[in-house]
Amino acid sequence: MTETRAILRSALPLYVTMAVSSASALVSTALLGRHGTASLAAFAVAAAVYVPVVTAVSGVMRGMMPYVTAAHDDPAALRRVLGSGRVLGLGIGGCGALVVLATPAVARASGVDGAAVDGLGPLPLLLAAAVLAQSAGASASSALVALDRGKLVMWAGLSGTAVTVLLSALLTPRTGVVGAGIAMLASAVVVAVVARAGLHRRTGRPGRPDRREIVTLARTGLPMAGTVLVKFAVLSVLTFAAARLGAAQAAAHGIGETLVNLIFTAAVALGQATVPRVSAGAYRAARTAAVLALIGTGTLACVLIAAGRWIVPVFSSDPQLRPDVVVLLPLVGFAVVTDALQAVYGFALLGLRNTLPSLFCTLVFFGLLAAVAVPAAEHGGLPLLWTALGLANLSQAAAKAYFYNRAAGKARERPGRQRQPGRSVDRTG
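Under UniProt numbering, the first residue of the sequence shown carries the number 1, and numbering increases by one thereafter.
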């Protein structure tokens, strides 16, 4: 099997999982919108805290992937890594759950309307429990991806999505945000149970955790989480800059972000599929994945641009807004293609257990983007704002590719030295 086919084979089930999950989220949002504007507003407030927290938790847990790959042929070492990863997941998940529990306080401090805060009800408690379940599921899913068992991740994800859609349809029309929260919690639990069961069949029970291993995994994973949080923060600045231009521009910007997220999942799937290959010494896999991401997201972006006049009405019924979004689509395509490239090289650096450069690049280039966002929007509107976003992504991609190639070159010079948590082993590469 060629390297290209191998990456595609591993990435496809991951892409299916994320695409279906995104679709189910749209269903839940639509059901809340039908229940009432107040319910949708309360859920949006909770999601503004919950989504970054869950994404950060998943980022930390991805830090265990290269270590799982390195230990795949040593059952004792593998079980020890899995045990350490499980403890790390519980710790990170607990911290995330506390943040989500504080959603009402965060919302009030941010000046959110009191009615929206009061509408939260028990939703923060339900979502905090979901974060704990998500951390357990993320630990197992990351290990399965590292072991090239993406189909098990897909079945876990599809099971969780089915639960989300079913419970949302049954509960949300009657109970609003409470039903949505129950559906999300149940989905997270199902994903964690199915993923852990699949991992248990493959590896057996996790071993006893080791403090040094936990620290090593955290050192690799925390910069991944930091990268995600910086990105979320700066994208929020861009949303604020767009909102300053008016309601129509804010809506057009929001539609553009939604379209980017739908296409970007392909790059995340390819990037995750690259991690175990780079970790095993197949350093050219990063370039292959980057080319595949360029072709895949570029093709989807071209389809989006060509069919924009038919796609945009799905997201807006406002005839005055549609032309503004259609004109913006080429820049949306530019932003998502460059975002895909930087993401792939970020995952490739994870495969080398060298994640600090990713955080550094995001801090530098997205920091500059945050500084120019408001002036760019005021002087050039949404086109200049999206151009700045695309250029920031392109700069990140170039910088991460440089750091990756430099680190991979050093790794080639010492192919027999691949560190594992708590010990050193010799591997041929």
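Just so it is clear, CB atoms sit at the ideal spot from N, CA and C, and this is done for glycine as well.
Fair warning: this is a prediction, and the values are worked out from it, not measured in the lab.
- Message: Am I right that Ser159 and Val131 are in contact with their C-beta atoms under 8 Å? What's the rounded C-beta distance?
- Response: Residue 159 sits at position 159 when you count from the first residue of the sequence shown. Residue 131 sits at position 131 when you count from the first residue of the sequence shown. Contact doesn't hold; Cβ gap of about 19 Å is too wide.
Query raised in the report: By the 10 Å Cβ neighbour count, where 16 or more other Cβ atoms means buried, how is Thr2 classified, buried or exposed?
Result: Residue 2 sits at position 2 when you count from the first residue of the sequence shown. So Thr2 ends up on the exposed side.
Would you tell me roughly how many angstroms separate the C-alpha atoms of Val303 and Ala77, rounded to the nearest one?
In the sequence shown, counting from the first residue as 1, residue 303 sits at position 303. In the sequence shown, counting from the first residue as 1, residue 77 sits at position 77. For Val303 and Ala77, the distance between alpha carbons rounds to 46 Å.
#### Entry: Distance between beta carbons of Val325 and Val336, contact taken as under 8 Å
Along the sequence shown, one-based indexing puts residue 336 at 336. Along the sequence shown, one-based indexing puts residue 325 at 325. Val336 to Val325, Cβ: 15 Å. No contact.
(message) Please return the same chain residues whose Cβ sits closer than 7 Å to the Cβ of His72, not counting the five positions on each side in sequence.
(response) Position 72 of the sequence shown, counted from the first residue, corresponds to residue 72. Same-chain partners within the cutoff: Leu78, Leu147.
Quiz item: Alpha carbon to alpha carbon, how far is Pro104 from Gly409?
Solution: Residue mapping note: residue 104 aligns to position 104 of the sequence shown, counting from 1. Residue mapping note: residue 409 aligns to position 409 of the sequence shown, counting from 1. Looking at the two C-alpha atoms, the distance is approximately 49 Å.
Please name the residue, chosen from Leu144, Pro223, Ala289, Val145, that lies closest to Thr362 on a Cα-to-Cα basis.
As a working mapping, residue 362 is identified with position 362 in the sequence shown. Among Leu144, Pro223, Ala289, Val145, the Cα nearest to that of Thr362 is on Pro223.
Check: Do you know offhand how far Ala197's Cα is from Ala252's?
Finding: Within the sequence shown, residue 197 is the residue found at index 197, counting from 1. Within the sequence shown, residue 252 is the residue found at index 252, counting from 1. Their backbone Cα atoms lie some 43 Å apart in a straight line.
inquiry  = Quick check on Thr164: does DSSP put it in helix, strand or coil?
reply    = Here residue 164 refers to the residue found at position 164 of the sequence shown. If DSSP states are grouped into helix, strand and coil, Thr164 belongs with the helices.
Taking the C-alpha atoms as reference points, what is the distance between Ser21 and Arg205?
To locate residue 21, count along the sequence shown from 1; it is residue 21. To locate residue 205, count along the sequence shown from 1; it is residue 205. Taking the straight line joining both Cα atoms gives about 29 Å.
- Item | Pairwise C-alpha distance: Gln134 and Val347 | As a working note, residue 347 is residue 347 in the sequence shown. As a working note, residue 134 is residue 134 in the sequence shown. For the record, residue 347 in the displayed sequence is Phe; it is not Val. Taking the straight line joining both Cα atoms gives about 20 Å.
TODO: Under 6 Å Cβ to Cβ from Leu308, same chain only, skipping five residues before and after it: list those, please.
DONE: Translated into positions along the sequence shown, residue 308 becomes position 308. Sequence inspection shows Gly at residue 308; the Leu mentioned does not correspond to that position. Closer than 6 Å at the Cβ level, and outside the excluded window around Gly308, lie Val326, Leu329.
_Residue burial classification, Val260 (beta-carbon count within 10 angstroms, cutoff 16)_ = For the purposes of this step, residue 260 is taken as residue 260 along the sequence shown, with counting starting at 1. Counting Cβ neighbours within 10 Å, Val260 comes out buried, since at least 16 surround it.
- What three-state label does DSSP hand Gly85 in the structure shown? Reading the sequence shown from its first residue, position 85 is the one you call residue 85. Looking at Gly85 - three-state DSSP - the assignment turns out to be helix.
Check: Exposed or buried, which one is Glu213 when buried takes at least 16 other CB atoms within 10 Å?
Finding: Walking along the sequence shown from the start, residue 213 turns up at place 213. With 16 or more Cβ atoms within 10 Å of its Cβ, Glu213 is classed as buried.
| message | Short of 8 Å in beta carbon distance, which residues of its chain neighbour Gly422, apart from the five on each side in sequence? Order them along the chain. | response | By 1-based counting over the sequence shown, the position of residue 422 is 422. The pLDDT assigned to Gly422 is 42, lower than 50, so where the model puts this residue is not dependable; a value taken from the coordinates is nonetheless given after this. Answer for Gly422: Arg80, Asp210, Arg212, Glu213, Thr216, listed in chain order.
Residue interval of the alpha helix (DSSP H) (run including Leu147)
As a working mapping, residue 147 is identified with position 147 in the sequence shown. Counting along the chain, Leu147 falls outside any alpha helix (DSSP H), and DSSP gives it neither H nor E.
- Return the CA-CA distance between Leu166 and Tyr402, expressed in angstroms with no decimal places. Numbered from its first residue, the sequence shown carries residue 166 at position 166. Numbered from its first residue, the sequence shown carries residue 402 at position 402. Rounded to the nearest angstrom, the two C-alpha atoms are 46 Å apart.
* To do: Using 10 angstroms around the beta-carbon of Phe365, count the other beta-carbons present and answer buried if the total reaches 16, otherwise exposed.
  => As a first step, residue 365 must be located in the sequence shown, where it is residue number 365. By the neighbour-count rule (16 or more Cβ atoms within 10 Å), Phe365 is buried.
Q: Could you name the residues of the same chain whose beta carbon sits closer than 7 Å to that of Ile182, not counting the 5 residues immediately before and after it, in chain order?
A: As a working mapping, residue 182 is identified with position 182 in the sequence shown. If we look at Ile182 and ignore the five residues flanking it on each side, its Cβ neighbours are Leu126, Leu167, Leu171.
**Q.** Three CB pairs or more closer than 8 Å across the region 45-60 and the region 262-271
**A.** no
- Query: Out of curiosity, what's the CA-to-CA distance linking Ala376 and Ala388?
  - Reply: Mapped onto the sequence shown, residue 376 falls at position 376. Mapped onto the sequence shown, residue 388 falls at position 388. For Ala376 and Ala388, the distance between alpha carbons rounds to 8 Å.
Item to complete: Over the uninterrupted alpha helix (DSSP H) stretch that includes Tyr283, give me the two end residues.
Response: Indexing the sequence shown from 1 puts residue 283 at position 283. Per DSSP, Tyr283 belongs to no alpha helix (DSSP H) and is neither H nor E.
DSSP three-state call for Asp324: helix, strand or coil?
Residue 324 sits at position 324 when you count from the first residue of the sequence shown. In the structure shown, Asp324 sits in a helix (DSSP, three-state: H, G or I).
*Assuming Ala293 and Leu341 form a contact by the criterion Cβ under 8 Å, report the distance between their Cβ atoms to the nearest whole angstrom.*
Here the question's residue 293 lines up with position 293 in the sequence shown. Here the question's residue 341 lines up with position 341 in the sequence shown. About 6 Å separates the two Cβ atoms, so the contact holds.
Leu350 beta carbon less than 8 Å from that of Pro66: Here residue 66 corresponds to residue number 66 of the sequence shown, with the count starting at 1. Here residue 350 corresponds to residue number 350 of the sequence shown, with the count starting at 1. For Pro66 and Leu350, yes; Cβs fall inside 8 Å.
Mapping the DSSP letters down to three states, classify Val112 as helix, strand or coil. Looking up residue 112 in the sequence shown gives position 112. It is coil, neither helix nor strand.
Please list, in chain order, all residues of the same chain as Ala156 whose beta carbon is under 6 Å from its beta carbon, the five residues on each side excluded. Translated into positions along the sequence shown, residue 156 becomes position 156. Correct list, in chain order: Val191, Val194, Ala195.
| query | So, using beta-carbon positions, are Gly176 and Leu382 closer together than 8 Å? | reply | Taking the first residue of the sequence shown as 1, we reach residue 176 at position 176. Taking the first residue of the sequence shown as 1, we reach residue 382 at position 382. Cβ atoms of Gly176 and Leu382: not closer than 8 Å.
Nearest by alpha-carbon distance to Gly333: which of Ile295, Leu368, Ser279 is it?
As a working note, residue 333 is residue 333 in the sequence shown. If we check each option's Cα against that of Gly333, Ile295 comes out closest.
Let me know if Gln420 comes out buried or exposed under the rule of 16 or more other beta-carbons within 10 Å of its beta-carbon. Here residue 420 is taken as the residue at index 420 of the sequence shown, counted from 1. Low local confidence applies: a pLDDT of 46 at Gln420 is under 50, so the model's placement there is unreliable, with the coordinate-based value given in what follows. Result: buried.
* How big is the Cα-Cα spacing for Pro173 and Thr55? -> Position 173 of the sequence shown holds residue 173. Position 55 of the sequence shown holds residue 55. Answer to the nearest angstrom: the Cα atoms are 27 Å apart.
- Query: If you drop the 5 nearest sequence neighbours on each side, which residues of the same chain put their C-beta closer than 6 Å to that of Ala186?
  - Reply: Taking the first residue of the sequence shown as position 1, residue 186 is located at position 186. Hits under 6 Å: Val163, Leu167.
Point to revise | Supposed contact pair Ala11 and Ala269 - C-beta distance, whole angstroms, cut 8 Å | key: Translated into the one-based positions of the sequence shown, residue 269 becomes position 269. Translated into the one-based positions of the sequence shown, residue 11 becomes position 11. Yes, Ala269 and Ala11 are in contact; Cβ-Cβ is about 4 Å, under 8 Å.
Using alpha carbons as the reference points, say which of Ser236, Thr355, Leu356, Ala273 lies closest to Ala371. For the purposes of this step, residue 371 is taken as the residue at position 371 of the sequence shown. Comparing Cα positions, the closest option is Ser236.
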